[in-house]
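Take any residue in the first sequence, note its place counting from 1, add 396, and you have its number in my numbering. We put the CB at the ideal spot given by N, CA and C, even for glycine. For clarity, every value in this text was computed on a predicted model and none was experimentally measured.
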Amino acid sequence: MPAAAGAPTPVLDPELLLDFFARHGRDLPWRHPSAGPWAVLVSEFMLQQTPVRRVLPVHQEWLARWPTPADLAAEPAGEAVRAWGRLGYPRRALRLHAAATAIARDHGGRVPSTVPELLALPGVGEYTARAVAAFAFGAREPVVDTNVRRVLDRAVRGVDSIREPAVAADRRDLAALLPVEPARAARFSAAVMELGALVCTAAAPACDRCPLVARCRWYRAGRPAGTARRPVQTWHGSDRQLRGRMVAALRAERAGVAAAELLLLGDDRDQARRCLAALIADGLAEQDPDGRVDLPR
DNA sequence: AACACGTGGAT
DNA sequence: TATCCAAGTGT
């Protein structure tokens, strides 16, 4: 240990990470100084399990059409689902609409700035609440997504992780590494996230381009393989596939679709009935007395 | 805690 | 072609 310094340099050295972020961080719309909390919140919903490239155009359309939470809340939830396009997980559109409604009703139309208030919004979990608090309001909160979790696992813990939602221990560990100054801490989280997205990727990490390679415990251990993943559900013939087809049909038809027509989209009659009922139960579809189905009003 | 929940690009 | 997986949340 150096005689002059009190603590050893951490693996996730803020100096190295912030320099990396300044040089290589992507110029994304929700990172612009002009992007307000609403633009950040919308981006975080869209980015849940969805790549940046596909979010970009839809985010731009949403902000142009609904510049404030109240603008979105003033329209039927079905319009949010329709404008969601093919981003996937359309229930996110429903929850974002519900969040906008709660913001308009309970927060005077302003996106709240504290983690507890954000957590109370529909569709906002442990990750999104801290991402908005940090990136939109400059709060000193540990922001741990799948990228940050992977960097923590590899660089700090020396193991390769399977992809799972971050846990409290991950947030605690990152919190211990945050710079003291809040705005700098927020940039630090964004920098770790960016490193995971651009360099320390899941499948093909580019250690030769990593600013942390000299300290990385995983690299120094010879990049040991991670544990096996849980088996994934087959896609062909799944409920998810059929639900996707049904919602796509509803998005395309402003006048609604006959229930019988939706049921034809599946190979299995019982499965189709079950999926349609589930969509209605989830609030992604509504059925009128004639049996006509539409996106929610 | 384990699952369900969409989509499309990369390998 | 099959599998992985990308800024998670709710149950």
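| Query | Result |
| --- | --- |
| Which complete alpha helix (DSSP H) runs does the stretch 649-682 hold, if anything under 4 residues is left out? | 655-659, 665-677 |
| Do residue 496 and residue 465 have their C-beta atoms closer together than 8 Å? | yes |
| Could you tell me the boundaries of the beta strand (DSSP E) in which residue 690 lies? | 688-690 |
| From the DSSP output, in three-state form, read off residue 637 for me. | helix |
| In chain order, what residues of the same chain have a beta carbon less than 6 Å from the beta carbon of residue 443, not counting five sequence neighbours either side? | 451 |
| With respect to the alpha helix (DSSP H) encompassing residue 499, which residues constitute its N-terminal and C-terminal limits? | 487-502 |
| Taking the alpha helix (DSSP H) that residue 428 belongs to, which residues open and close that run? | No alpha helix (DSSP H) holds residue 428; DSSP gives it neither H nor E. |
| Just to confirm, is the Cβ distance from residue 413 to residue 531 under 8 Å? | no |
| Can you give me the start and stop residues for the alpha helix (DSSP H) that residue 556 sits inside? | Here residue 556 belongs to no alpha helix (DSSP H), and DSSP marks it neither H nor E. |
| Could you check what DSSP says for residue 537 in three-state terms: helix, strand or coil? | coil |
| By the 10 Å Cβ neighbour count, where 16 or more other Cβ atoms means buried, how is residue 508 classified, buried or exposed? | buried |
| Put residue 475 into one of helix, strand or coil per three-state DSSP. | helix |
| Compare the beta carbon distance of residue 671 and residue 662 with 8 Å and say whether it is the shorter of the two. | yes |
| With DSSP run on the structure shown, which of helix, strand or coil describes residue 410? | helix |
| Can you give me the Cβ contacts of residue 637 inside the same chain, cut-off strictly under 7 Å, excluding the 5 residues immediately before and after it? | 631 |
| Counting Cβ pairs closer than 8 Å, one from the stretch 544-555 and one from the stretch 578-595, do we hit at least three? | yes |
| Return the CA-CA distance between residue 426 and residue 435, expressed in angstroms with no decimal places. | 6 Å |
| Taking the straight line between their C-alpha atoms, what separation do you get for residue 491 and residue 438? | 11 Å |
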